[in-house]
């Protein structure tokens, strides 16, 4: 599970130290609450949800989960984007989204949460969730076109 949960955390967090910290916190929570899991067939989904929640908690605690449509929050893509390989296309490109957009894109497009749940999880409006998802999609399309992927 370490590799799978690391990949989940990497989609939300950029800093390797933060990823390792959240991963350790996730495993601690998984092990301490394992007795509460009655259906072991859903263990992987349950563990993944814990990791996602830990990532969101980390983003909230570091105040990096700013929800903004301003372009200046996006990472500069000039030289960094030149080396994006096709095999890691979308997941690597997520690093070039602002933190808030990336979190919402992950929750909606990858984790499958509806906008209503995302709004509650992030303490934002449903409309903000939708607009941030739209911004993330447009930004990813721009990045893909610029790289001819």
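Numbering (our numbering), first residue to last: 2 to 150. Glycine included, each C-beta is placed from N, C-alpha and C at the ideal position.
- Using a Cβ distance threshold of 9 Å, residue 108 and residue 59 do not count as a contacting pair.
- When 51, 44 and 127 are compared, the shortest CA-CA separation from residue 26 is found for 51.
- Listed in chain order, the non-local C-beta contacts of residue 6 below 8 Å within the same chain comprise 24, 27, 28, 48, 49 and 52, local neighbours out to five positions each way being set aside.
- Of all alpha-carbon atoms in 45, 144, 125 and 42, the one lying nearest the alpha-carbon of residue 95 is that of 144.
- Between residue 105 and residue 137 a beta carbon distance of about 7 Å is seen, short of the 8 Å cut, so the two are scored as contacting.
- Around the beta carbon of residue 130, 16 or more other beta carbons lie within 10 angstroms, which makes this residue buried.
- Selection 31, 3 and 34 evaluated against residue 20 yields 3 as nearest (Cα-Cα).
- Residue environment analysis places residue 92 among the exposed positions, since fewer than 16 neighbouring C-beta atoms fall within 10 angstroms of its C-beta.
- In the three-state DSSP reduction, residue 124 falls in the coil class, being neither helix nor strand.
- Per DSSP, the continuous alpha helix (DSSP H) segment holding residue 28 begins and ends at 17-34.
- DSSP places residue 112 outside any alpha helix (DSSP H), giving it a letter other than H or E.
- Of 146, 115, 123 and 134, the smallest CA-CA separation from residue 57 is found for 123.
- Per DSSP, the continuous alpha helix (DSSP H) segment holding residue 58 begins and ends at 44-62.
- Take the alpha-carbon of residue 116 and the one of residue 127: they are about 6 Å apart.
- When only Cα atoms are considered, residue 38 and residue 44 end up about 8 Å apart.
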